[in-house]
Amino acid sequence: MSQHLQGGKVDISLIQTSARKNLINLLDKCSGKKALVWDNSLAGPVGLIAQYATLRDHTVTKMYPLRPIPLPETDVDHVIFISRPKLHLMDYIAQNVHSDSKTKSGSRKQYHLFFVPKKSLLCMERLKHKGVFGSVILIDEFKCQLFPFESDVVSMEITEVFREYNMENDPTYLYQTAQAIIYLQQMYGRIPKAWGKGVAAKQVWDLVMRLQRENNNEDQKTNQQPCVDQIILIDRSVDLITPLATQLTYEGLIDEIFGINNSTALFPIDHFLSSEEKTTESLSEDKKQIILNSADKLYADIRDKNFNAVGAYLSKQAKAISAQCESTQEKSVQEMKLYVQRLPQILAKKKQIATHTAIAECIKEVTDSYDFLDYLQAEQEFLNCIEVDKPSPYIEQMIAQGKPLVKVLRLMCLQCIANSGFKPKVLEGYKRELVQEYGMNALLAVSKLEKVGLLKLQSSTRQYVALRKALRLIMEDTSEINPTDISYVHSIYAPLSIRLAEHVTKSGGMKQLQEVLGLLPGPTLDETVTASPGLITGNSDTPMTVLVFFIGGCTFSEISALRFLSQQEDSNVEFLIATTKVINGYTFLNSIIEN
Amino acid sequence: MSAAILTADWFLLGRDLYYRKFEIYNMFWQPNVNLSNFIASSASYGGPIAIRHNEQKFVKVQGSGGQPVISIFSGSGTQIASFKWTRRPIVHMGWTNDEELVCIQEDGMVVIHDMFGKYQHVFSISQKVQDTKVVDAKMFTNPQNLTGIAVLTSNFKVFLINNIKEPKTRQLSELPRSNIQPTSWVVLSEDTTDVLIARGEELYRLKQDEHHISAMLEPDITNKYTAILEMCVSLNARHLAFFTDSGILWLGSTDLRTKYCEFDTNNVHKPKQMTWCGNEAIVLFWEQDHSLLVVGKYGQKVTYYYDSSVHLVPELDGVRIISNMQHELLQKVPDVVQKIFRINSTDPGSFLLEASKQFQKGSHKANEYISLVKNDLQTAVNQCIEAVGYEFDTEIQKMLIRAAQFGKCFLSDMNSDSYVHMCRLLRVLNAVRDPKVGIPLTITQLNYMKGRFQELLKRLITRNMYYLALQIAKYLKLSEKDGSSYILVHWAKHKVGQSQLEEETVAREIAEKLGHTSGISYSDIAATASECGRKKLAIKLLDYEPKASKQVKLLLELEENTPALVKAIESGDTDLIHMVIIKLRDKMPLGDFKMTVRSFPVAQALYIKYCKEHNQQALNEIYIQEDDFSSQAETFIADSLDDRKNHMKESLLSSAAEAYKKGRKDLYALMCEEAVKLSRFQKEHEEKVPSAKNKLLDKSVNATCRALLEINELKLAEKFRNEFKIPDKRYWWLRISCLAQQNDWTELEKFSKLKKSPIGYAPFVDVCLDNNNRQEAMKYLPRVSEDCKVKYFIKVGCLEEAADVAFQQRDLQGLMYVQSKCGNQFPSLLEKINNMISQLDTRR
């Protein structure tokens with residue numbers, strides 16, 4: 001069990017334990033040596049549940065990624081495929097099973113397939129069609145709906161949720177999301193109150209109610225005292241601005257620049273070596289892998305800060321540590337003993353400081369560049385509605401310079417939203433530019449973005465202008481070092497989604513909200529399922545736990561903003577964050593435009 | 001009640017082998033039923049009694065128009081049903097273990113009715129049987145507790161069905177010289193089921209193997225005889241009894257190795273019925289003198305005389321005797337009952353009972369009796385508790401319970417569970433034994449039933465006694481799944497079977513009663529409705545089914561295609577939607593299918609997605625049908641980008657352009673056409689211009705232009721630029737970045753002076769810096785527009801100039817920015833800037 005998952009009012013490590021038990025039970029169904037073949041999108045997340053050592057204890061001797069090439073020869077008794085229910089992966093599995101069973105050792109091997117989290121009819125059909133249905137002995141489900149990331153963050157780790165629903169009108173993942181919520185309820189009790197915004201939010205909650213009715217008889221545990229007082233469902237399409245805006249928190253920037261996957265990021269190695277190492281070391285690896293989660297106390301302290309506040313904090317910490325180390329001379333024997341006892345901790349902390357200083361340097365290199373600053377300036381001008389209705393010279397320049405398509409599109413989409421849609425002329429111009437630089441691919445990408453509403457033509461109402469004012473989305477004068485408002489996460493922009501959550505959980509906030517809800521797309525959900533004692537009394541002193549579920553993904557900046565809200569002195573809300581995937585502007589757009 | 005009265009109905013059949021015969025019911029059917037004229041049959045475990053006229057007796061039958069009538073009564077003689085028999089003559093009538101009435105016809109057809117006379121189904125034993133004729137049939141219970149049938153045909157062959165639920169017919173081995181009629185036969189169901197058959201004095205055992213040749217068996221019998229007239233086997237299949245034409249009764253083991261006794265009945269007539277009573281006595285009844293003879297295993301006997309004919313029903317722990325007036329139970333007195341009530345018993349239970357009686361009388365003797373059992377009080381209490389279960393008479397029950405309760409008072413550490421449990425059990429038993437219900441069930445039988453209470457509930461449900469069943473379930477605190485839900489679902493199933501009721505009302509009533517309780521499967525009820533041919537009702541009921549998967553499956557079975565699709569979509573479970581779509585595609589005409597799917601956006605979306613993976617052809621058809629030109633075009637474009645289809649690239653793009661035109665997307669159409677043009681241009685010039693080889697194909701417009709510039713095909717680039725309408729600004733960008741990349745600084749400078757730059761001169765600085773030429777970059781600084789001059793001075797590294805410019809422009813922000821860039825390296829400059837800042841500040 002991982003320590004860093006505990007600590008909140010809701011014990012997330014329960015999810016880890018239950019998922020691990022489930023996996024191990026499945027593995028133990030096959031006695032003997034096992035090779036696991038992983039769907040690439042799962043290998044990482046499952047690492048959050050069970051380390052390789054755990055798997056080895058259950059006689060897993062080999063692990064391979066699932067690819068359309070034959071498996072290496074192995075002397076195992078069982079080959080277990082662990083996969084999402086996706087058709088092309090079924091083809092890979094079929095290919096693997098076919099070729100492997102023809103090898104020498106193949107005849108005594110058994111093949112199994114565990115779907116995560118649920119079988120699908122079409123996949124089973126596909127396996128039948130490919131003629132391997134009979135060769136796969138055990139087809140089971142590894143019912144892991146949610147992967148535990150932090151004591152306050154869980155994720156379904158599915159990238160395509162937004163795309164599939166908004167572009168293809170395929171509600172599969174909404175159903176899965178509803179099941180994930182059911183799973184949370186089985187774990188932590190029935191959630192008495194729900195608020196949500198957006199079509200997907202409404203639909204997910206309807207499905208939750210429906211599934212609850214269906215399962216009525218099966219789970220007795222839902223009668224327990226709820227650990228979560230309220231759920232806030234946020235459909236990503238309600239707030240498309242936030243993922244497009246550049247995140248300026250420490251963690252957000254790491255994700256934007258280096259990418260964080262399953263709490264792990266890769267950094268260029270040279271910042272992590274001392275000067276001697278740089279010269280002597282034959283650089284065997286050019287990347288340094290670092291696990292980023294709250295098991296690292298220092299990281300927990302700085303991850304949510306605006307990057308501009310990180311440097312100062314780190315140097316303060318460094319000074320404190322060196323002060324501790326240096327002041328050894330005037331110590332009594334007693335004090336010395338104490339000091340020696342604490343020495344390992346001090347050294348560990350020192351190492352943490354060194355690591356994060358190196359990371360900060362990596363980031364600073366990027367954030368100090370003109371590329372970054374110019375981009376940020378353009379972004380902030382758009383957010384401030386400056387010259388949003390004209391083609392942006394900066395965007396045109398980016399296109400002319402052949403900057404990555406997704407980066408251009410990110411800024412373009414942001415401008416589009418800030419202007420509440422483009423004039424036809426502007427959009428056409430952009431399209432022309434894009435196609436001339438990036439080819440027909442850009443045309444496909446643009447039409448996809450149009451389908452999901454990220455690019456659109458202007459309508460009569462100027463939603464963004466109204467929202468910006470009503471929800472105070474732009475706060476120019478807040479401090480990045482000692483923030484007083486969530487806008488610090490993007491330096492000037494307060495995430496719309498979190499503003500909603502802020503209003504919903506603040507006493508009296510709902511009333512203000514009523515005015516703007518009409519400006520946001522989709523229906524509003526506001527239901528009290530069962531009256532919980534805390535809600536009846538309306539007592540603002542009893543702390544509330546609110547689960548914010550992002551359907552379609554959320555950013556690290558949003559997570560930071562929610563943490564910031566609950567840390568405020570006048571706040572009595574503890575947030576728990578669930579998402580279909582942690583995203584940033586690039587991963588978000590890529591999930592939409594990629595084939 | 002004195003001990004003498006309590007034991008008045010006891011009789012001895014050997015040392016300490018007490019039997020008793022007592023009345024359970026006074027039959028309600030009197031005086032209408034005279035068993036002498038009827039053939040009766042009753043289900044075991046106190047089941048219902050069916051009677052039909054004995055056709056061999058001539059009696060006046062009223063109003064049935066000559067057709068025989070079968071009447072069914074409860075154990076207490078209350079009529080449950082009565083129906084005319086319109087089929088072929090019945091050879092044998094009996095009951096299955098779950099109380100269904102089985103009638104075996106002479107043509108070998110087996111007809112099954114429920115206890116309300118409602119026809120269930122019919123099956124034929126076998127063609128061979130049908131071809132001959134059934135002359136006799138017997139029913140039996142095999143060790144798996146399933147009901148079986150054996151028939152004897154007119155050509156004296158025996159056929160067997162081991163389980164009436166899954167009728168598989170087996171022919172048994174044949175008798176030697178099989179053309180002679182057997183005199184009696186009996187089924188012997190042990191591990192395998194055999195038949196013992198007697199022909200005159202010969203006795204054979206037939207096996208389930210047609211080719212087995214049966215050897216003649218020779219039982220150890222001393223009394224002469226010429227024929228065995230009747231045989232019977234005990235319920236546990238261990239003991240056999242046969243009756244010979246010399247009036248001798250032979251008792252022994254079924255393997256004939258052990259003989260218990262030979263007994264002379266002094267009666268040479270074939271008894272009407274002969275049956276084992278438990279395992280230690282046999283009961284015979286003769287029609288001639290209405291005498292009932294009970295013979296113990298060791299030859300003691302007792303005879304009773306009746307006024308009229310009776311019917312014997314063997315039970316596991318005794319025999320029920322049904323007569324015109326009474327329904328009696330004949331059984332061995334259970335040991336514990338014997339211990340308590342036997343005269344002069346010295347068992348602790350007996351003393352405790354006496355003590356309790358004295359206590360109630362207020363007599364001091366109570367104390368004496370209690371002290372007699374002081375040491376065995378626990379046993380005494382247990383005996384009373386155990387014994388009470390065997391009693392039917394509520395007075396005796398009370399007496400024993402009081403005794404147990406009294407004894408309990410003297411035990412400090414007595415666990416009351418068994419007491420409480422027995423009290424509950426008694427209440428339930430008394431409730432079902434009530435004449436209104438009429439199930440004379442003994443506690444032994446209840447305990448022997450598989451699933452005990454479940455089985456009891458099932459029996460009440462079979463009788464439509466839902467309310468009582470519910471009360472019992474509640475009283476016994478059964479779980480919802482085993483108790484109330486189970487009962488309610490059956491009630492609902494019964495309800496839907498009643499065709500006279502209006503559908504809407506039935507559905508509503510059921511929903512009201514059942515609600516959304518756990519364990520209720522509306523789809524099961526709906527399935528029953530559908531079986532009863534009430535499709536509409538089934539559909540209505542399915543509305544209440546919370547489990548979408550069940551709902552959808554049944555709707556599909558009912559051919560309710562669209563509702564199935566609707567429900568699947570409502571469920572949100574796309575697996576379910578896919579299932580419906582695939583099923584519908586397979587069973588509906590294609591046109592109808594498309595129309596159905598089309599009217600549901602989600603279904604359409606999923607079908608499109610499915611087609612993308614499985615059927616490109618169908619996908620195109622949908623796009624065409626839907627006039628979705630954009631999607632068509634996008635498919636073409638995606639294909640054109642596929643390397644494998646490179647050879648078709650231009651035609652695919654043209655098709656895309658066509659599609660866009662149809663969809664009035666002129667810009668996109670134009671772009672596609674331009675892409676075609678581009679591809680042609682690239683091909684053409686890769687061939688024409690040697691240096692362009694492999695540099696143009698598959699590149700975008702910009703990239704092509706850039707490539708042309710890189711190979712210094714300036715004219716061509718210029719031409720290309722005009723042809724493809726590359727805007728000035730972008731062309732300039734391309735041009736200067738190429739020049740800088742090529743380090744052609746003179747050309748760059750020339751170009752900068754050619755005419756006024758449409759992109760300003762900041763980009764010139766940028767491209768120089770990008771290619772690490774600060775010196776060149778500086779050249780363009782003066783021409784950089786004012787508003788970004790500070791920034792560009794800083795970019796180039798001229799901090800002081802930057803500060804000056806900022807100061808001139810009174811740009812406080814700019815100054816601070818320069819200040820931040822200075823760091824600690826240039827103290828003098830820093831001072832200067834600080835100065836400037838303060839000046840600007842004061843001037844403000």
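Those protein sequence lines, which keep their order, are chains A and B.
Just so we're aligned, residue 1 is where the first sequence starts under full-length UniProt numbering, counting upward by one.
Just so we're aligned, residue 1 is where the second sequence starts under full-length UniProt numbering, counting upward by one.
Glycine is no exception: its CB is placed at the ideal position from the N, C-alpha and C atoms.
These figures come from a predicted structure and were not determined experimentally.
From the DSSP output, in three-state form, read off residue i for me.
i             : result
T222/A        : With a pLDDT of 47 at T222/A, under the threshold of 50, the predicted position of this residue should be treated as unreliable, though the coordinate-derived value follows. Reduced to three states, the DSSP call for T222/A is helix.
Q341/A        : helix
F556/A        : helix
L697/B        : coil
A43/B         : coil
N834/B        : helix
C325/A        : helix
N26/B         : strand
K197/A        : strand
P65/A         : strand
D235/A        : strand
N261/A        : strand
residue 597/A : The first residue shown for chain A is 1 and the last is 595, placing residue 597/A beyond what the model contains.
L240/B        : strand
So that I know if they touch, is there some Cβ in chain A lying closer than 8 Å to that of residue i?
i      : result
E613/B : yes
T574/B : yes
H211/B : no
R730/B : yes
S605/B : Sequence inspection shows Ala at residue 605/B; the Ser mentioned does not correspond to that position. Chain A, which has a Cβ nearer than 8 Å to the Cβ of A605/B, makes this yes.
S820/B : no
L352/B : no
Within 8 Å of any Cβ in chain B, is that where the Cβ of residue i sits?
i      : result
K202/A : no
D39/A  : no
D371/A : no
D170/A : yes
K128/A : no
Tell me the DSSP bridge mates of residue i?
i      : result
C277/B : A281/B
F351/B : Answer is none; F351/B lacks a bridge partner.
T528/B : Paired residue(s): none; T528/B is not in a bridge.
S155/A : F147/A, T579/A
L547/A : I231/A, L576/A
N824/B : Its beta-bridge partners do not exist; DSSP assigns none.
C261/B : L251/B
At 3 residues or longer, what runs of the beta strand (DSSP E) sit wholly inside the region 109-149 of chain B?
109-113, 119-124, 134-141
What residue ranges within the region 477-531 of chain A form continuous alpha helix (DSSP H) runs of no fewer than 4 residues, ordered along the chain?
496-505, 509-517
If we require 3 or more residues per run, which beta strand (DSSP E) segments fall completely within the region 477-556 of chain B?
none
Can we say the region 10-27 of chain A touches the region 229-238 of chain A, given the rule of at least three CB pairs closer than 8 Å?
no
Whole alpha helix (DSSP H) runs in the region 425-454 of chain B with 4 or more residues, listed along the chain?
443-448
Starting from the N-terminal side, write out each stretch of the alpha helix (DSSP H) that is 4 residues or longer and does not extend beyond the region 182-209 of chain B.
none
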